[in-house]
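A short worksheet on the structure shown next.
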Amino acid sequence: MSEVRALIVDDSSVMRKIVERSLRQAGVEPLTVVEAGSGVEGLDVLRLRHVDIILSDINMPLMDGLEFVRQLRAQKLAEGVPVVMITTESSEEHVKQAIDAGAVGYIRKPFTADQVKRRVLPLLSL
Amino acid sequence: MVSLRDSLHVVTDARNLDESVYEVFETMLGISCCNQPDTDSCRTEKEESVTAVVGFGGILTGACVLRCDAPGARFMAERMTGMELTAVDEVVKDGVGEICNMLAGTWKGRLPALAANCSLSVPAVITGSDYKLHVQSPEFRISRHYGFENVRFEMMIVCDGLQ
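Top line first, the protein sequences correspond to chains A and B. For the first sequence, the residue numbers in my numbering are 11 to 136. For the second sequence, the residue numbers in my numbering are 2 to 164.
Now the structure itself:
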């Protein structure tokens, strides 16, 4: 199985570790994780590195997750790479905003590894 | 224009907060919490405590507050991260802040009008001892105590503005 490279964008280092752990528990192996603490940092990472999937929070300082997704699509960074939002915001309007921005999936916090598995594995063709 | 005043009894129903606490702790920490009597607290103001605050903005303004003692905060962060933590360090503060963030989001998500018309701030975490929390002129306040194993914590939803 080829290695999966995942970018995890969240201002909480604890949450980034939890997302990584959930990916591994979901069977995403071998896995290399790149972390970013903000949307700005996430864009910097994507200018330098190729990833296979992006998981991003929405509520972050400096640049929120929706603007991060809009910017990476507008700048044609990570073209064709699926983006999944992982966030406490759960309304239909927020989901629609995320999809309109360019995300393809949405996971609400709190989440289980099984929810991550069901949402992420199909996007990686695993 | 959506108004919460007609459904204030739903917004202030403490069971929504209870269910949110149970869901977050069970899902993210694998812990079953239960309600504790409000008078059942071993914490004194002199002991180090950790308080996380997430603000609400929009159709409801106010805050979600989580407060626990230092050992309780370390225990929560350990369960979230799988790490052994010996002090209230950045990991503990980050972890408790994220728990409060999820509690705030889960609580408001139970009320459709709030879910769509109320946003959350990023968490703020205060640590120390010998301090009191004071909110001026709240519209309403929901205050509940919970516990699991040897940990006790307090949750508050404080509203200072409601449309």
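Glycine included, each C-beta is placed from N, C-alpha and C at the ideal position.
With a threshold of 8 Å between beta-carbons, can residue i be considered close to chain B, or not?
i	result
F78(A)	no
P132(A)	no
V23(A)	This sequence places Ser at residue 23(A); Val is not what is there. Cβ-Cβ to chain B under 8 Å: yes for S23(A).
I28(A)	yes
R59(A)	no
L72(A)	no
N69(A)	yes
The beta strand (DSSP E) spanning residue i covers which residue range?
i	result
I18(A)	V14 to V19
Y132(B)	From DSSP, Y132(B) is part of no beta strand (DSSP E); its letter is neither H nor E.
N36(B)	C35 to Q37
E45(A)	L41 to A46
Can the beta-carbon of residue i be found less than 8 Å from the beta-carbon of residue j?
i	j	result
D62(A)	R15(A)	yes
L163(B)	V55(B)	no
V126(A)	L33(A)	yes
Y147(B)	V22(B)	yes
D14(B)	R145(B)	no
R111(B)	N17(B)	yes
T128(B)	V89(B)	yes
Is there a Cβ of chain A sitting closer than 8 Å to that of residue i, yes or no?
i	result
Y147(B)	no
C43(B)	Per-residue confidence for C43(B) stands at a pLDDT of 47, beneath the threshold of 50, marking its modelled position as unreliable; the derived number appears in the next sentence. Not one chain A Cβ lies under 8 Å of C43(B).
E20(B)	no
G110(B)	yes
L86(B)	no
L121(B)	yes
M157(B)	no
V92(B)	yes
R16(B)	no
V25(B)	yes
T82(B)	yes
T107(B)	yes
A53(B)	no
A74(B)	no
E174(B)	This structure leaves residue 174(B) out entirely; chain B is present only between 2 and 164.
E79(B)	no
A116(B)	yes
E150(B)	no
In this structure, what does DSSP give as the bridge partners for residue i?
i	result
L67(B)	A53(B) and M156(B)
M95(A)	S66(A) and Y116(A)
H146(B)	Q37(B) and E155(B)
A125(B)	V54(B)
L61(B)	L163(B)
F141(B)	C160(B)
S120(B)	G58(B)
Please list the partners that residue i has in chain A, where partner means a Cβ-to-Cβ separation under 7 Å.
i	result
M29(B)	P120
N102(B)	T98
G96(B)	V24
What span of residues does the alpha helix (DSSP H) with residue i cover, start to end?
i	result
T107(B)	E91 to G110
L56(A)	G49 to L58
G75(A)	G75 to A84
V22(B)	A15 to V25
Q107(A)	E102 to A111
E30(A)	S23 to Q35
L9(B)	L9 to V12
V126(A)	A123 to V130
Name the chain B residues that come within less than 9 Å of residue i, Cβ to Cβ?
i	result
P40(A)	Those within 9 Å of P40(A) in chain B number zero; the least Cβ separation is about 20 Å.
In the stretch 81-115 of chain A, which residues sit with their C-beta less than 9 Å from some C-beta in chain C, listed in chain order?
-> In the displayed structure, chain C is absent; the protein chains listed are A and B.
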